[in-house]
Structure formats: structure tokens, C-alpha cells
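Each number in our numbering comes from the position in the sequence shown (counting from 1) with 660 added on.
Just so it is clear, CB atoms sit at the ideal spot from N, CA and C, and this is done for glycine as well.
Keep in mind it's a predicted model, so treat the numbers as computed, not measured.
Reviewing the structure listed below.
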Amino acid sequence: MHLMYTLDNQGKRVYTLKKVLNGEVTKSAHPARFSPDDKYSRHRVTLKKRYGLLLTQQSKAPVKA
């Protein structure tokens, strides 16, 4: 059994152990496994650069103290 989740009407996560909840397929609540031997890292970085999604391409948000 793995912890799964689905989104409610307000966009908040509702956690469950079921794979299908009310006819809707749930998503895994666990992060993907980390591999230091990542074959696709170069492709992900290239796509993020292309679409301006790298953290270095983001505008600086003011820090609230």
C-alpha cells in the first residue's frame, strides 16, 4: 500500500490508500526516486531553458521578513 492523493474542489490534497477514489484515479504522494546516474538531466535542463523555467531565469520575489 502506498499513500495516494487526489485534489478536492478547493485544490487541496485529500490523502487515501486507494488507487481509485470516486471513479477518479489517484496520484502517488511520494516523490520520484533519485538517481545520481540521471540519463535525462541534460534534456530537462534544455527544455527548462527554452521555456524560461530555470530558477536563474525567474524574477526575484521580495523576501518577507
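Start-to-end residues for the beta strand (DSSP E) that takes in residue i
i	result
residue 673	673-676
residue 661	First-last for residue 661: undefined, no H or E at that position.
C-alpha gap between residue i and residue j, whole angstroms
i	j	result
residue 685	residue 712	31 Å
residue 717	residue 706	13 Å
residue 693	residue 700	14 Å
residue 708	residue 714	6 Å
Start-to-end residues for the alpha helix (DSSP H) that takes in residue i
i	result
residue 707	701-710
Three-way DSSP call (helix, strand, coil) for residue i in this model
i	result
residue 714	coil
residue 687	strand
Nonlocal neighbours in the same chain, by C-beta distance under 7 Å from residue i, ignoring five residues either side
i	result
residue 678	664 and 686
Legend entry - Meets three-Cβ-pair contact criterion under 8 Å: the segment 689-696 and the segment 662-677: Touching, per the Cβ criterion.
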